Amino acid sequence: MKSLVLYRSQYGSTEQYAHWIGEELAAETDSFDNLKKYDFDDYDLIVVGEGVYAGQMKAAKRLAPLVEQYPDKRFIFFIVGIADMEDQENREKLYADLAKAMGPAVERVKVFFLRGVLDYAKMGLKHKTMMWLLVKYLQRKPEEELPKDADQLIATYGGRVSFMDKNSIEPLVRYAKGESAE
């Protein structure tokens with residue numbers, strides 16, 4: 024089985040996961056920006072990863088027509104974010120964002136959720152501003168109305184926290200190799 028792993032990474036977490044996945048699958052790994060240099064006819068499995076920022080997924084939007092164009096290929100999409108990916112509500116929200124970006128093509132894609140790094144020193148002004156607004160919003164909410172990981176987001180504001188874990192790719196790799204459903 025020949026595999027291709029593509030990623031869209033702004034701060035490095037998704038790129039690191041893509042390289043780990045590529046190593047495990049003995050797959051070519053490249054930036055999603057280089058998509059046009061690949062002939063999908065040459066691959067059995069296409070894995071695409073993207074970090075999510077305020078629900079926006081640009082690679083997912085561009086992947087949708089390829090999923091439709093190559094119905095005989097297997098597609099995996101992994102989302103990297105800072106939210107607690109074990110939380111069902113977070114997964115449902117991210118999946119809804121993905122479905123909005125991909126439309127009906129999302130039904131042909133197996134989706135995995137991974138946690139990344141939050142490093143304010145690496146953030147651009149737009150993302151720093153978004154995070155500042157989010158933290159200020161959360162600080163004003165009554166404690167009983169806060170999402171599960173809000174306290175962690177508030178406590179780490181302005182610093183760096185890493186949730187990356189190479190072992191978290193194991194379900195994706197097993198699925199890609201046909202060893203399990205997840």
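According to the working numbering, the sequence shown holds residues 24 to 205 in order. Glycine residues also receive a C-beta, built at the ideal position from the N, C-alpha and C atoms. Computed from a predicted structure; not experimentally measured.
Under 8 Å, do residue i and residue j count as touching if we go by C-beta distance?
i	j	result
S32	A50	no
F100	L137	no
L161	A173	yes
M221	E91	Residue 221 is absent from the model: the chain starts at 24 and stops at 205.
L117	V129	no
G104	V75	yes
Under the three-state reduction of DSSP, which class applies to residue i: helix, strand or coil?
i	result
G104	strand
L117	helix
T37	helix
For residue i, write down the residues that DSSP places opposite it in a beta bridge.
i	result
V71	L29 and F100
R163	R163 pairs with nothing; no bridge assigned.
R286	What the structure shows of the chain is the stretch from 24 to 205, and residue 286 is not part of that stretch, so it cannot be assessed.
E202	Answer is none; E202 lacks a bridge partner.
Q79	Y76
State buried or exposed for residue i, treating a residue as buried only when at least 16 other CB atoms are found within 10 Å of its CB.
i	result
L86	buried
N57	exposed
L148	exposed
### Query
Is the segment 139-147 touching the segment 31-45, taking contact as three or more C-beta pairs under 8 Å?
yes
### Task
Could you tell me whether the segment 183-192 touches the segment 37-56, using the rule of 3 or more Cβ pairs below 8 Å?
Segments in contact, yes.
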